[in-house]
Every structure is written in structure tokens, then in C-alpha cells.
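Have a look at the structure below, then the notes.
In this note's numbering, the protein residues as written are 943 to 1505.
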């Protein structure tokens, strides 16, 4: 909903700020007073094309800002763009003398394309020169389904869900069929890789063990010399020397004899004895280690060959044996999937046929229901147009069947609203209706009937009352007021009867100040409304009869508003 509008240096407007409210609001003023300038400014704010010609003479730029309460669709767009800031939406547009246009959405610099996409979810301007949501054929089927309410939308959702599944399976089937040659090449490669990994008979952790064994074998002579030296010193002695263990045993005996003479020495003698025992055990273990050292000279070559094989596999499949084995398992899984691709394709055919049958049944129900809704919509729009002095107008919902029987989103047909505004004319698309006044009334009739199906929160009518009067004008005011109970409605009008139905009334005036023409607008109070309606009735404020007529209009419509 539009809450605030600020316009600076735009056309004849120097500085204008207006607050707007829910319900039905009217804008009135003398012909040429500038009412359409306000609507044009709002159009620019919602994405219309701009040029430097709109800038007020003498100014360097035109600036238009608006505050909105975003609709759910608008909020979804803002969230997608990362521009959602709370529950209020601020849009600003600047047009410079160079013709350059800059836009901001909630303080974020935006493109005119983004502004147009967002504006289409905020404001619908119905006028002779505007392209509206109702004029776009691609929107008509959604409006018809929305008119059918939750049951119709649920039926559409089921149909679309079946179509999405069918389309996904068709895409998978095409991939399977088109990739057969590549699949065969991939299967050959995977089979080779699996065979190479399997033939290696890898064991987890063996690379580390082999590295350790290779280091041992590469330094075997040095290790053997060091151990032999230790064993010789301990048990055999070197040269003419006595073995170390013999000397230590002799010392142990002497300490034992001394400890028997002095009990304080006994703990030390015991510790020494334990040391000798440990050295004797160490000697036995070193001899066992020495005897166990490998004597096979070819073992090192075998290890080198095995490690070279592992290095080759690591360059292809992973940095460790565990990663190589994991790659081999993934390759085997992929190969199994590819080998069953032909079976999967046959299964897809059957599943697609089943989904197609279900979709056709659901889509036929959708079509039947749409035709019923179309008849009801045609009847109701015809009644609305009759009230708006367009008795000879024909309105039709045209169905265009889609080719083939394959499932598709949206059902089996396209829908377009057609109109023949005068007797004897052919039905044509809404966008080709020539008369702006007729088009505005047709769109009002449609919006009155489809109000629940649309989500655009603000509707602006410009020149909707062209050529109307009398009882038809009363009907027009009633319809605009009723529509205002569902949407925020703004209407530029010259008819006092229509203006009297407004819940809010704005007056637009053009005046001269310092040899410059300016446009101003203001929200009228109760007495000011009487004065403005008196002017619209063709009288002046001091004409008692006309003034009383204006008051009577307001009393009557106020009573109807309260009834």
C-alpha cells in the first residue's frame, strides 16, 4: 500500500508531499490542474521510462520518493535481492538533466528493471496509456485460477506437481540416452581402474610399514655393527678384556659380602643387583635381535618395487592407501550405476507413462473447472459492464489448447481475455481496445470481479469516468468504493458524484507564484470537500443551492458508507 509520496522539481510541481490511506481516495481539480502529473510521478516511481523533459524548468534534477507497505510478492522480491528492511519499503528515483536516472530501494542502489519488477507488485495504474497487469495475456490464466479460489489453486498445484515430476524424468531419460557413448567410455575407464587397484591387493597402512622396513634394510650394516659391538662388550669382551657382565657380576659379589657386614649398604647392593639383572636381560634381547636381522639381500629390492607401485597408484587415485581403496569403492559403485543405466531407462519409460496418465486426468479436471469459471466470470463481468453503461460490450475468456498431450506446467491450455467494446465488432485482446475510457471501465469491471484473485495492493484509475454521468456515475462510485474495501484505490475524477464516494479526497490546484506556474495538492477536510464538490457541480462556494447539493451528496454517500 502507498503511504507517502514526495515529489520535487517534477514537471510543474516544485515541492509536494502527500500521505495516503487505505480505502477509496479521489483526486480532483480543474482540467489541466496537474492531477495526471501526480499519477505520472507515481508511474516513474514504479519503473516507467523517464527523460530529462520531466524536470521542472530551472532545476538540475527531479526527485520522487515513496513509502509503501510491501505486498507478499514484493517482499519476496526484496528478500531475493537482499533489500528487505523491516515492514516498510522506501523507493527513490532521481532524473538528472542529462537524462540519467538513478533508483534506490530501501537505500540500496537499484536498476530500473528491478524497480519495474517491484512496482508491478505494488501499484497497478489503469489508464489510457498504461500497460497494466490485466492487459498482459500471460497473467490471465493465473487470474482465472485465482478467481476459482483455494480448490482451484489446489487442483492446479497437483497438476503442476505431476508435470514437474514428468519433466524431471524426461530430462534424466534424455541424459541417459544422449550420453551412451560417453557412458561406455567411462565404464571402460572405471573397469580398468578397478582392476588396477584390485590387482595391487592393497592393505591399509602398508605404505607406512614398508617405508619403515625400507629404512631398516637400507641401514642394515650400520645397525648390525652397532648391536654386535654392544653384545660383545657385555658378554664377550673385546680383545684381551674381560666381558662387562663378568666384571659387574664380580662387583655384585663383593657388594653382597660387604652388605652382610654393614646393613646400611644392603639397599645399595640390592639396587646394584637389579641393575646387573637388567643388563643381563638386555644382553639376551640384543643377541636375539641380532640373530633376527634379515639376511635376504633381495628383500630391499622387493620393498622398493612395492613402494614404486604404491606411488604410481597414489599419483592417480589418492595420497594414501586408504584413499586409493576409497576411490576404488566409489569407482565400483559408479560402474554398477552405469551398468544398470539401460535398465533405468526402461523403468523411466514406464514411470513417465504412468505420470502422463495421471497428469492428463488431473489436467482434464483443471480444464473443465476453468471453463466453468470462465462462464461465471463472463457473466459477472457483463453485469458489471452493464452498470457502467457498456451494455453492448462482449467479454470472453478464450482458451488456446497446447499442442500435444505431454504434461506441461499450467495445464493443457493458455487463456486470454477478449473484448468487443461495441456491437458488431470482433472480439480482440484487451490491450487492443481503442478507447481509454472504455478500457478503464472494462478494467474496473474486471478488477471488481477479480479483486480476491489479485494481490497488487494499490490500484490507480485515471480517466475511468470519461463519458459517464447520471446513474452510471453513481454505479461507478459504488464500485470504486467497494473495491476500496479490498484494495487501496486512487481515482482521478471530474465527476462530483464519484468524488463523493471517496473515503479521502485530495484537491489538486494550479497557481502562479513569482511568475512561475506551480501545482499543489492537499487532503481536504469535511468543509473543504463541500467547497470542492460545489466547484465540481459548476457552482461557487456562495451559491446556496449548489452548496446544499454538495452536502447532500456527501450525506447520502456517507450514509451508504455507514450502512
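The beta carbon of each residue, even a glycine, is placed where N, CA and C say it ideally should be.
As assigned by DSSP and simplified to three states, the class of residue i
i, result
"residue 1231", "helix"
"residue 1349", "coil"
"residue 1498", "helix"
"residue 1412", "helix"
"residue 1429", "coil"
"residue 1359", "strand"
"residue 1504", "Here the model assigns residue 1504 a pLDDT of 45, short of 50, so the residue's position is not dependable and the matter cannot be decided."
"residue 994", "helix"
"residue 1323", "helix"
"residue 1309", "helix"
"residue 1214", "helix"
"residue 1044", "strand"
"residue 1219", "helix"
"residue 1446", "strand"
"residue 1030", "coil"
"residue 1279", "helix"
"residue 1008", "strand"
"residue 1121", "coil"
"residue 967", "strand"
"residue 1436", "coil"
"residue 1344", "coil"
"residue 1365", "coil"
"residue 1236", "coil"
Residue burial classification, residue i (beta-carbon count within 10 angstroms, cutoff 16)
i, result
"residue 1399", "buried"
"residue 1258", "exposed"
"residue 1209", "exposed"
"residue 1395", "buried"
"residue 1071", "Confidence at residue 1071 is low in this model, with a pLDDT of 48, below 50, so the placement of that residue should be treated as unreliable; the coordinate-derived value is given next. Classification of residue 1071: exposed, given that the 10 Å Cβ count is below 16."
"residue 957", "exposed"
"residue 1453", "exposed"
"residue 1087", "buried"
"residue 1076", "buried"
"residue 1457", "exposed"
"residue 1057", "buried"
"residue 1203", "exposed"
"residue 1390", "buried"
"residue 1205", "exposed"
Whole-number beta carbon distance between residue j and residue i, since they are thought to touch under 8 Å
i, j, result
"residue 1009", "residue 945", "5 Å"
"residue 1065", "residue 984", "6 Å"
"residue 1446", "residue 1089", "So it is not a contact: roughly 29 Å between Cβ atoms."
"residue 1375", "residue 1361", "6 Å"
"residue 1102", "residue 1297", "Between residue 1297 and residue 1102 the Cβ distance is about 12 Å, and since that is not below 8 Å, they are no contact."
"residue 1013", "residue 1427", "Actually they do not touch by this definition, with Cβ atoms about 17 Å apart."
"residue 1091", "residue 1039", "Not confirmed; about 51 Å, so no contact."
Contact under 7 Å by Cβ, residue i with residue j
i, j, result
"residue 1229", "residue 1173", "yes"
"residue 1111", "residue 1290", "yes"
"residue 1105", "residue 1349", "yes"
"residue 1423", "residue 1403", "no"
"residue 1034", "residue 1023", "no"
"residue 992", "residue 1037", "yes"
"residue 1246", "residue 1218", "no"
"residue 1341", "residue 1318", "no"
"residue 954", "residue 974", "no"
"residue 979", "residue 1461", "yes"
"residue 1020", "residue 1149", "no"
"residue 1363", "residue 1380", "yes"
"residue 1132", "residue 1277", "yes"
"residue 1435", "residue 967", "no"
"residue 1316", "residue 1339", "yes"
Other residues of its chain near residue i: CB distance less than 8 Å, five sequence neighbours each side excluded
i, result
"residue 1146", "1263, 1264, 1267"
"residue 1504", "Unreliable positioning characterises residue 1504 in this predicted model, as indicated by a pLDDT of 45, which lies under 50. A coordinate reading is not provided."
"residue 1050", "1023, 1024, 1025"
"residue 1043", "992, 1035, 1036, 1037, 1054"
"residue 1165", "1158, 1235"
"residue 1448", "960, 967, 968, 969, 970, 1463, 1464, 1465, 1466"
Cβ neighbours of residue i in the same chain (closer than 7 Å, five flanking residues each side left out)
i, result
"residue 1128", "1280"
"residue 1187", "1176, 1177, 1221, 1222, 1225"
"residue 1415", "1407, 1437, 1439, 1440"
"residue 1073", "Unreliable positioning characterises residue 1073 in this predicted model, as indicated by a pLDDT of 48, which lies under 50. A coordinate reading is not provided."
"residue 1371", "1079, 1358, 1360"
"residue 1274", "1136"
"residue 1155", "1245"
Beta-carbon proximity list for residue i, same chain, < 6 Å, skipping 5 on both sides
i, result
"residue 1007", "948, 1034"
"residue 1493", "1472"
"residue 1489", "1476"
"residue 1197", "1211, 1214"
"residue 994", "1039, 1041"
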